[in-house]
Structures are given as structure tokens and as C-alpha cells.
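Single-structure report; data block below.
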Amino acid sequence: MKQGEIWYIDFNPTIGKEINKIRPAVIIDDDYLASCHMRFVMPLTTWQDKFADLPWIKQINPNRLNGLKNISGINVQQARYISTQRFVNQVGTIDIDSLNDIHAILIKLINPNLKII
């Protein structure tokens, strides 16, 4: 399991508004953390036109590299650490530009004014 790979992950059980079910997600943390058996991932969801106005969802089009079948949205707001025991199977790999984009979106989401108290 490496940074940038897209895997099907079992997100169940969940609480409240957490994203659920088995779905693809992209690994975004650095590979040196893999020995902890936890990975920081961002789940994907089927793209909907209403997502175009949401800055925390990055559109990703299917291609041979990523292995996706449908236009999807990477939901940066639902990013979290999960156990590698939840990983089902690898789908593909995200391109480096999209990986950089979602890192930038995450930084803006958690600290929109880019300041430290």
C-alpha cells in the first residue's frame, strides 16, 4: 500500500455523517507511516454536478492508470486514518497532479487562513 494508490476500502461501521460502505479511496500519507498499519485516506464518491461548487471535492475522471469506471469525486472533507485491515483490493493509482491538488485542498480545508495561533 503506497501513497497515491486507490484501493477499495470497507468504511463500515460508521457514525453520523461519516462516509460508509465499501468504496474506493486514495492513500495520501507518506509511505514511511505504512509500518503503523494505518493509512490516511480520502474516500471517493460518484460525481454529482452539485459537487462542482464544493471546494473540498476534487473531480477525477476514469482512466487506465486509476482504474475507475465512473467520474468520481475525492471527498477531502472525509479524510481520515484507517486500519490497513479495512483495505479490500487495489483499483489503480492517482496521477501526481491530482495527488498534489488534494494535498493543497486539505491544507486549505483545515486552515483556510493559513495561520498558526
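For what it's worth, the UniProt record's numbering labels the leading residue of the sequence shown as 1, then goes sequentially.
Built from N, CA and C at the ideal position, the CB exists for glycine as well.
Source: prediction; values computed, not measured.
query, result
"Since I60 contacts I74 with CB under 8 Å, what's their CB separation in whole angstroms?", "6 Å"
"Taking the alpha-carbon of T46 as reference, which of N63, K69, V26 has the nearest alpha-carbon?", "K69"
"Would you decide whether R39 is buried or exposed? Buried here means 16 or more other CB atoms lie within 10 Å of its CB.", "buried"
"Let me know if Q85 comes out buried or exposed under the rule of 16 or more other beta-carbons within 10 Å of its beta-carbon.", "exposed"
"Just how far apart, CA to CA, sit D101 and K58?", "8 Å"
"Can you give me the C-alpha to C-alpha distance between I71 and N113, rounded to a whole angstrom?", "31 Å"
"Should A52 go down as buried or exposed, given a rule of 16 or more other Cβ atoms within 10 Å for buried?", "exposed"
"What first and last residue would you give for the alpha helix (DSSP H) that runs through S83?", "Counting along the chain, S83 falls outside any alpha helix (DSSP H), though it belongs to the beta strand (DSSP E) covering 80 to 83."
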